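Written out below as structure tokens is the structure these notes cover.
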Amino acid sequence: MAGTARRPVAGSTVRGTFDMWATNGRAEKMELEHSRAVAARLASEDLSSPFRFLDVGCGNGWLVRRMAALPACRAAVGIDLSPCMVREARRLARLAKERYDSAPVESWAYRGRFDLVFSMEALYYADSVDAALAAIARRMAPGARLICGTDFYAENRATRWWAREMGITMHLLSRAEWAAAFRRAGLRARTRTVRDATSSKRWRRGSRDKERAGLAPPPL
Ligand SMILES: C[S@@+](CC[C@H](N)C(=O)[O-])C[C@H]1O[C@@H](n2cnc3c(N)ncnc32)[C@H](O)[C@@H]1O
6 MAGTARRPVA
16 GSTVRGTFDM
26 WATNGRAEKM
36 ELEHSRAVAA
46 RLASEDLSSP
56 FRFLDVGCGN
66 GWLVRRMAAL
76 PACRAAVGID
86 LSPCMVREAR
96 RLARLAKERY
106 DSAPVESWAY
116 RGRFDLVFSM
126 EALYYADSVD
136 AALAAIARRM
146 APGARLICGT
156 DFYAENRATR
166 WWAREMGITM
176 HLLSRAEWAA
186 AFRRAGLRAR
196 TRTVRDATSS
206 KRWRRGSRDK
216 ERAGLAPPPL
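With positions in the sequence shown counted from 1, the corresponding number in this note's numbering is that position plus 5.
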């Protein structure tokens, strides 16, 4: 019914939700929806000197595969809570330097370190954003950079609907709260808005439709 939030999937958890997305076409859709903004953000990184890359919440591994294809990339690792996403990533892997692990980043048993860490639309699903960031910080080599992309933040009215519609725990932080969380993990933080004017994302249209139907976005 128009203007009615979808009912959460019965018994859904973060893992269950993304296990389902791994096989129903949503994983490929995320690549289409996220890749332009990710490429725009990575364009300002030096990817010509040797580096080790980690993607936290890698989904089906699309970004790991792209980074692994760069000649300077020495190792490209993806980690994801969802075993089904990781199974897909392993199936699609092309190069020996790719590796995929299934675990919550908070408890990932891995001893190596990385020079560039990326995380797109993933950290707000962690049970604890602080624990996830602390775990990532431990995996960063001296001078390493963490780039975290999110459409789901308090100032973005359109995505405030997501938590209600997904029916799973999602931490809605403001830009300042994200920066403070990075600092608590011992990282220096800077926020930047990457606009994707060409995006036709369904959630943006959906939010406009709901507001037209007279519904106010969920409160903070
Ligand atoms: C919205 S998807 C984004 C996938 C991919 N980064 C992309 O942009 O297409 C979020 C992913 O993060 C994973 N995830 C959520 N919480 C996680 C955690 N605590 N540790 C590792 N992965 C997590 C989910 O299983 C899911 O595959």
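Quick reminder that beta carbons are idealized off the backbone N, C-alpha and C, glycines included. The structure displayed is predicted, hence computed values, not measured ones.
Examine ligand 1 and report whether any of its heavy atoms sits within less than 6 Å of the Cβ of residue i.
i, result
"His5", "For residue 5 there is no data in the structure shown, the boundaries of the chain being 6 and 225."
"Val110", "yes"
"Leu86", "yes"
"Val122", "no"
"Val19", "yes"
"Ala74", "no"
"Met125", "yes"
"Phe23", "yes"
"Ala139", "no"
"Tyr158", "no"
"Tyr130", "yes"
"Met90", "yes"
"Gly62", "yes"
"Met175", "no"
"Met145", "no"
"Met171", "no"
Which one or two residues does DSSP pair with residue i in a beta bridge?
i, result
"Phe56", "Cys78"
"Ser107", "Asp85"
"Arg197", "Answer is none; Arg197 lacks a bridge partner."
"Cys153", "Ser124"
"Val91", "Answer by DSSP bridge pairing: none, since Val91 is not bridged."
"Val61", "Ile84"
"Phe5", "There is no way to answer for residue 5, as the model of the chain reaches only from 6 to 225."
Would you mind sorting residue i into buried or exposed? The rule is 16 or more other CB atoms within 10 Å of its CB.
i, result
"Thr22", "buried"
"Asn29", "exposed"
"Ala44", "exposed"
"Ser124", "buried"
"Ala27", "buried"
"Glu93", "buried"
"Gly64", "buried"
"Gly5", "With the chain represented from 6 up to 225, any question about residue 5 goes unanswered, as that position is not in the structure."
"Arg70", "buried"
"Pro73", "It should be noted that the sequence gives Ala, not Pro, for residue 73. Classification of Ala73: buried, given that the 10 Å Cβ count is 16 or more."
"Thr174", "exposed"
"Glu50", "exposed"
"Thr164", "buried"
"Ala32", "buried"
"Arg79", "exposed"
"Ala132", "The amino acid occupying residue 132 in the given sequence is Asp; Ala does not appear at that position. So Asp132 counts as exposed."
"Gly148", "exposed"
"Gly8", "In this predicted model, Gly8 has a pLDDT of only 31, less than 50, meaning its place in the structure is not dependable; the value taken from the coordinates is given anyway. By the neighbour-count rule (16 or more Cβ atoms within 10 Å), Gly8 is not buried but exposed."
"Ala137", "buried"
Are the C-beta atoms of residue i and some chain C residue less than 7 Å apart?
i, result
"Ala74", "Of the chains in the structure shown, none is chain C; there is only one protein chain."
### Message
Can you confirm whether the segment 102-118 touches the segment 36-49 when touching is taken to mean that 3 or more C-beta pairs between the two stretches lie within less than 8 Å?
### Response
The segment 36-49 is not in contact with the segment 102-118.
### Task
Evaluate contact between the segment 108-121 and the segment 81-88, counting only Cβ atoms and requiring at least three cross-stretch pairs below 8 Å.
Of all C-beta pairs linking the segment 108-121 to the segment 81-88, three or more are shorter than 8 Å, placing the two stretches in contact.
### Message
Would the segment 118-125 count as touching the segment 139-157 if we require 3 or more Cβ pairs under 8 Å?
### Response
They touch, by the three-pair rule.
### Query
With contact counted as at least three CB pairs below 8 Å, one residue from each stretch, are the segment 152-166 and the segment 179-186 in contact?
By the Cβ criterion, the segment 152-166 is in contact with the segment 179-186, since at least three pairs of Cβ atoms, one from each stretch, lie closer than 8 Å.
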